[in-house]
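Single-structure report; data block below.
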Amino acid sequence: MPHLRPRGRPSRIHPEKEEQGETMSDENGTTTIWQYNHNRYRRHKLMTKELADTIPPLYENEDVEDYDAVVARVKLFSPYNGWRWYVTEWEAETGLCFGLVEGFVTELGYFDLTELAEATVFGKVPAVERDLYWEPKTLGEIKRESSRKAA
Numbered sequence: 819m820p821h822l823r824p825r826g827r828p829s830r831i832h833p834e835k836e837e838q839g840e841t842m843s844d845e846n847g848t849t850t851i852w853q854y855n856h857n858r859y860r861r862h863k864l865m866t867k868e869l870a871d872t873i874p875p876l877y878e879n880e881d882v883e884d885y886d887a888v889v890a891r892v893k894l895f896s897p898y899n900g901w902r903w904y905v906t907e908w909e910a911e912t913g914l915c916f917g918l919v920e921g922f923v924t925e926l927g928y929f930d931l932t933e934l935a936e937a938t939v940f941g942k943v944p945a946v947e948r949d950l951y952w953e954p955k956t957l958g959e960i961k962r963e964s965s966r967k968a969a
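Sequential numbering of the sequence shown, starting at 819, is according to our numbering.
Here is the structure:
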């Protein structure tokens with residue numbers, strides 16, 4: 819099973835092939851660099867502006883106790899180890915996300931989108947991809963589907 823430890827930015831290997839990050843300003847005038855596609859082997863972005871606009875900021879759902887009230891807008895997965903990350907909240911400035919993580923165990927937690935974007939296998943192949951056909955679902959729906967698959 820491949821290890822999902824970041825091996826450094828591919829731009830160090832091929833600086834001339836690194837894509838330039840896009841910028842966006844939020845309502846406070848804060849500029850965010852969208853550098854979640856700096857691996858030339860990934861054919862899509864882990865986070866797009868359109869998706870980011872639909873995801874609530876961190877701690878938005880902090881007091882919600884019902885899994886059926888929280889929606890996962892983005893699904894990330896690793897085809898190499900079966901892990902899945904469902905993004906329910908995120909912070910654009912840092913890339914920090916909160917959501918459901920299905921790995922060795924299924925739990926709610928924080929994860930760094932930048933680290934997931936930098937993780938590679940076989941030296942340069944992106945280890946984490948975004949499910950391009952994902953339709954937003956509640957965490958309750960995701961947990962019920964996972965339970966059915968496990969049974």
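Glycine is no exception: its CB is placed at the ideal position from the N, C-alpha and C atoms.
Discussion item. Strictly by DSSP, which residues pair up with lysine 955?
Written reply: Translated into positions along the sequence shown, residue 955 becomes position 137. Looking at the DSSP assignment, lysine 955 forms a beta bridge with Ala890.
Worksheet item: Rounded C-beta distance between valine 889 and threonine 906? I'm assuming under 8 Å.
Response: For this step, residue 889 is matched to residue 71 along the sequence shown. For this step, residue 906 is matched to residue 88 along the sequence shown. Contact check for valine 889 and threonine 906: beta-carbon distance about 7 Å, within the 8 Å limit, so the pair qualifies.
Worksheet item: Which residues in the same chain have their Cβ closer than 7 Å to the Cβ of valine 943, if we skip the five residues on either side of it in sequence?
Response: As a first step, residue 943 is located in the sequence shown; it is residue number 125 there, counting from the start. Around valine 943: Tyr859.
Worksheet item: In the DSSP assignment, what residue or residues form a beta bridge with valine 943?
Response: By one-based count along the sequence shown, residue 943 stands at place 125. DSSP lists Val939 as partners of valine 943.
Worksheet item: Per DSSP, which one or two residues make a beta bridge with arginine 902?
Response: Reading the sequence shown from its first residue, position 84 is the one you call residue 902. Looking at the DSSP assignment, arginine 902 forms a beta bridge with Phe895 and Glu920.
Fill in: Boundaries (first-last residue) of the alpha helix (DSSP H) holding leucine 950
Position 132 of the sequence shown, counting from 1, holds the residue named residue 950. No alpha helix (DSSP H) holds leucine 950; DSSP gives it neither H nor E.
Worksheet item: If you draw a straight line from the alpha carbon of isoleucine 960 to that of glutamate 920, how long is it in whole angstroms?
Response: Your numbering for residue 960 matches position 142 in the sequence shown. Your numbering for residue 920 matches position 102 in the sequence shown. Between isoleucine 960 and glutamate 920, the C-alpha separation is close to 10 Å.
Fill in: Strand pairing of tryptophan 868, partner residues [DSSP]
One-based indexing of the sequence shown puts residue 868 at position 50. First, the amino acid is wrong: residue 868 is glutamate here, not tryptophan. Beta-bridge pairing links glutamate 868 to no other residue.
Worksheet item: Between arginine 948 and leucine 876, is the Cβ-Cβ spacing less than 8 Å?
Response: What you label residue 948 is simply residue 130 of the sequence shown in a count that begins at 1. What you label residue 876 is simply residue 58 of the sequence shown in a count that begins at 1. Not in contact: arginine 948 and leucine 876 (Cβ atoms no closer than 8 Å).
Worksheet entry | proline 874 versus glutamate 953 - alpha carbon distance | Taking the sequence shown and counting its residues from 1, the one referred to as residue 874 is at position 56. Taking the sequence shown and counting its residues from 1, the one referred to as residue 953 is at position 135. Taking the straight line from one Cα to the other gives about 16 Å.
Worksheet item: Once you ignore the five residues that flank proline 897 on each side, which residues in its own chain have a CB closer than 8 Å to its CB?
Response: Stepping through the sequence shown from its first residue, residue 897 is reached at position 79. Here the set comprises Glu947.
Fill in: Reduced DSSP secondary structure (H/G/I, E/B, other) of leucine 931
One-based indexing of the sequence shown puts residue 931 at position 113. Leucine 931 falls in the helix class under three-state DSSP.
Worksheet item: Who pairs with leucine 914 in a beta bridge, going by DSSP?
Response: Residue mapping note: residue 914 aligns to position 96 of the sequence shown, counting from 1. DSSP lists Glu909 and Asp930 as partners of leucine 914.
Worksheet item: Is the distance from the Cβ of arginine 891 to the Cβ of leucine 918 below 8 Å?
Response: Counting from one through the sequence shown, the residue named residue 891 turns up at place 73. Counting from one through the sequence shown, the residue named residue 918 turns up at place 100. For the pair arginine 891 and leucine 918, the CB atoms are not nearer than the 8 Å cut-off.
Worksheet item: Under the three-state reduction of DSSP, which class applies to glutamate 925: helix, strand or coil?
Response: As a working mapping, residue 925 is identified with position 107 in the sequence shown. Here glutamate 925 sits in strand by DSSP.
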